[in-house]
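Enquirer:
Chains as they are written, first to last, in the working numbering: chain V, 106 to 400; chain D, 106 to 400.
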């Protein structure tokens, strides 16, 4: 038996969930994938794994990293719930309560991006930092903003993907966010690309002018993040970036132009960087959350 | 002699500095104003007061709340300095080092707005909150963003007044910020009003259309603050707001419209509110910083 404590984690995603038992990225004891269907069935299967692992291995804490929006206000009776999701049956499902009842250990509950941000800080591109941000640009734009070692969470979790930023001059696309039109998510996430381009998104070349608009919106988001909390670095992942990795450098260049010398970015390596944990950032995020539950 | 410890504070302002000795807002032992001229003379006078108070009263810690930009990165050799100010002679002046050498007690150094935010949380409009924001709209737009009880400070302090936000449709004013043109400060601070209106700023009526543009820019700033850290409330002060107090309600209304139901503001009282400490927020900010130096 290892001298290090073991943690259980659950990453709830829109199409699949991962239940994981681990002591860190190099020491994953078990990992199981469960399709995201209805909450009874999906959480039932995850609960079964947590039950089984409890008797076989013991674990010290549970972390749950969920798609959102979620209620993270511990003073709310809905704390631990997925709230206004359009996903069938999941609205107002209290995930934390259901799973903690089974696990019966200290538990932490947060967004998937906050979990991924904490995992990147512990084992990946944000190691050694107390202030860090993780952005994912995929079907949406999610941001985990870590200040003094903890994710921001006042009356709600970070939603910086939904700020309204200055537009790239000449870009008049109305944006695709159903709430805000041309917020960052409405200008840079996958659905905005399909709204701009139609079917050809997968074939877009790196020099297509649409990437100017996408880089600009993400750079403006980074400008706001720098002005809000001056993280030591910002990691950006997600499907849109993974398919067009040249965007990272363009975002950093536009960010520097936008700040225009008013603030100087740290000079140790690229400020805008790739996440280091890749596809493992999500499940490891739940393990990082579990670890935080004991702190 | 009081059972409560006494703290020394220094608020460095652009035209005057205040040195204060206090146990809280109801228990101010001494307060002296020193004009801001050159750093030798001004800091010399403040140092003399700190020296005198040390022998007469003793104090447990020192807080310095300064106009910016300042170096707040404790790992930097310039920690405690005013950095790139155009103010004659003050550039690269290490205020913290000079004054702590005299006070010889634990000291905290931060921006004036971060100090005011902490003071409002301790004694004013943000009491009972761990997450709070304080905005001042005057000759500039300053923001103190408090997350988990502490001001954000990664590689730099909060500069949210300099984010670039979506423009009010139809408002084509280029903005007056020398760095960013139409950032929030460039759209809403005093100099932007003079650039838009000329000499008649003091005579502007509450229904002048310029207030739509100003409220909009501040509401977009609040939208970004809510998305970044969801503070429990936002207090807004400063000369522009004090002269046009109707702006607070307009900003809240525009903020709610801008969030468009995606996030629900807390419903306990106005979310956008007046600071409670008035002209005392600055000096009391330095006392709140001094208290934080012992935590």
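Here a beta-carbon is modelled for each residue, glycine too, at the ideal position from N, C-alpha and C. As the structure is a prediction and not an experimental result, all values here were calculated from the model.
1) To which residues does DSSP link residue 121 of chain V through a beta bridge?
2) Who are the Cβ neighbours of residue 125 of chain D in its own chain at under 6 Å, not counting the five residues just before and after it?
3) Assuming residue 229 of chain V and residue 168 of chain V form a contact by the criterion Cβ under 8 Å, report the distance between their Cβ atoms to the nearest whole angstrom.
4) Short of 9 Å Cβ to Cβ, which residues in the segment 322 to 349 of chain D face chain V?
5) What are the uninterrupted segments assigned as alpha helix (DSSP H) that are 4 or more residues long and contained completely in the segment 327 to 396 of chain V, given in chain order?
6) Use the C-beta contact count for residue 176 of chain V: other C-beta atoms within 10 angstroms, 16 or more gives buried, fewer gives exposed.
7) Just to confirm the assignment: which complete beta strand (DSSP E) runs, minimum length 3, are found wholly within the segment 150 to 178 of chain V?
8) For a test of the three-state rule: what should DSSP assign to residue 114 of chain D, helix, strand or coil?
9) Under the rule that 16 or more other beta-carbon atoms within 10 Å means buried, what is residue 199 of chain D, buried or exposed?
10) Determine the closest residue to residue 146 of chain V out of V:393, V:266 and V:121, with distance taken between C-alpha atoms.
11) Can you pull out the residues from the segment 348 to 375 of chain D whose beta carbon lies closer than 9 Å to at least one beta carbon of chain V?
12) Count the CB pairs spanning the segment 344 to 356 of chain V and the segment 232 to 252 of chain V that are closer than 8 Å, and state whether there are at least three.
13) Beta-carbon separation of residue 213 of chain D and residue 386 of chain D under 8 Å?
14) Verify the CB distance criterion: does residue 179 of chain V have a CB-CB separation below 8 Å to chain D?
15) So what does DSSP say about residue 106 of chain V, is it helix, strand or coil?
16) Just to confirm my understanding: we take residue 281 of chain D, look at its own chain, exclude 5 residues before and 5 after, and list those with CB closer than 7 Å. What are they?
17) From the DSSP secondary-structure annotation, give me the bridge partner or partners of residue 262 of chain V.
18) Can you tell me whether residue 298 of chain V is helix, strand or coil according to DSSP?
19) What is the rounded straight-line gap between the Cα of residue 106 of chain D and the Cα of residue 156 of chain D?
20) Does the segment 306 to 325 of chain V touch the segment 354 to 363 of chain V, meaning 3 or more C-beta pairs lie closer than 8 Å?
21) Quick check on residue 328 of chain D: buried or exposed, where buried means 16 or more other Cβ atoms within 10 Å of its Cβ?
22) Under 9 Å between beta-carbons, which chain D residues line up against residue 273 of chain V? List them in chain order, please.
23) Report the CB separation of residue 138 of chain V from residue 123 of chain V in whole angstroms; it is logged as a contact under 8 Å.
24) Using a Cβ cut-off of 7 Å, pull out every chain D residue sitting near residue 117 of chain V, in sequence order please.
25) Are the CB atoms of residue 216 of chain D and residue 271 of chain D within a distance shorter than 8 Å?
26) Please list the residues of the segment 278 to 311 of chain V that have a C-beta atom closer than 8 Å to any C-beta atom in chain D, keeping them in chain order.
27) Could you check if residue 109 of chain D is buried or exposed, using at least 16 other CB atoms within 10 Å of its CB as the buried criterion?
28) Quick one: using the 10 Å Cβ neighbour count with 16 as the cut-off for buried, is residue 162 of chain D buried or exposed?
29) Determine contact between the segment 301 to 320 of chain V and the segment 250 to 259 of chain V, defined as no fewer than three beta-carbon pairs at a distance below 8 Å.
30) Would you verify that the beta carbon of residue 264 of chain D is, or is not, closer than 8 Å to some beta carbon of chain V?
31) Under 7 Å Cβ-Cβ, which residues of chain D neighbour residue 259 of chain V?
32) Report the neighbours of residue 139 of chain V on chain D: residues whose CB is nearer than 8 Å to its CB, in chain order.
33) Tell me the DSSP bridge mates of residue 269 of chain V?
34) Alpha carbons only, please: which of D:236, D:165 and D:277 is nearest the one belonging to residue 332 of chain D?
35) Cα separation between residue 262 of chain D and residue 275 of chain V?
36) Can you list, in chain order, the residues of its chain whose CB lies under 6 Å from that of residue 148 of chain V, leaving out five sequence neighbours each side?
Expert: With the structure as the only source:
1) V:140
2) 114, 136 and 388
3) With 8 Å as the limit, residue 229 of chain V and residue 168 of chain V do not qualify as a contact, their Cβ atoms being about 16 Å apart.
4) 325, 328, 329, 330, 331, 332, 333, 334, 335, 336 and 337
5) 344 to 348 and 352 to 364
6) buried
7) Complete beta strand (DSSP E) runs here, min 3: 166 to 171.
8) strand
9) buried
10) V:121
11) 363, 364, 365, 366, 367, 368, 369, 370 and 371
12) yes
13) no
14) no
15) Reliability fails at residue 106 of chain V, whose pLDDT of 47 lies under 50, so the model's placement of it is uncertain and the value that follows must be treated cautiously. Of the three classes helix, strand and coil, the one that applies to residue 106 of chain V here is coil, per DSSP.
16) 291, 296, 297 and 300
17) V:258
18) helix
19) Note that residue 106 of chain D scores a pLDDT of 47, beneath 50, so its modelled location is shaky; the value from the coordinates is reported in the next line. Between residue 106 of chain D and residue 156 of chain D, the C-alpha separation is close to 19 Å.
20) yes
21) buried
22) Here the premise fails: no neighbours, minimum Cβ distance about 11 Å.
23) 6 Å
24) Correct list: empty, because the minimum Cβ distance to chain D is about 20 Å.
25) no
26) 284, 285 and 287
27) With fewer than 16 Cβ atoms within 10 Å of its Cβ, residue 109 of chain D is classed as exposed.
28) exposed
29) no
30) yes
31) Within 7 Å of the CB of residue 259 of chain V, the CB atoms of chain D belong to 236, 334, 335, 336 and 337, in sequence order along the chain.
32) Chain D residues near residue 139 of chain V: none, gap ~29 Å exceeds 8 Å.
33) When DSSP reads this structure, residue 269 of chain V sits in a beta bridge with V:288.
34) D:236
35) Distance between the alpha carbons of residue 262 of chain D and residue 275 of chain V is about 33 Å.
36) 203
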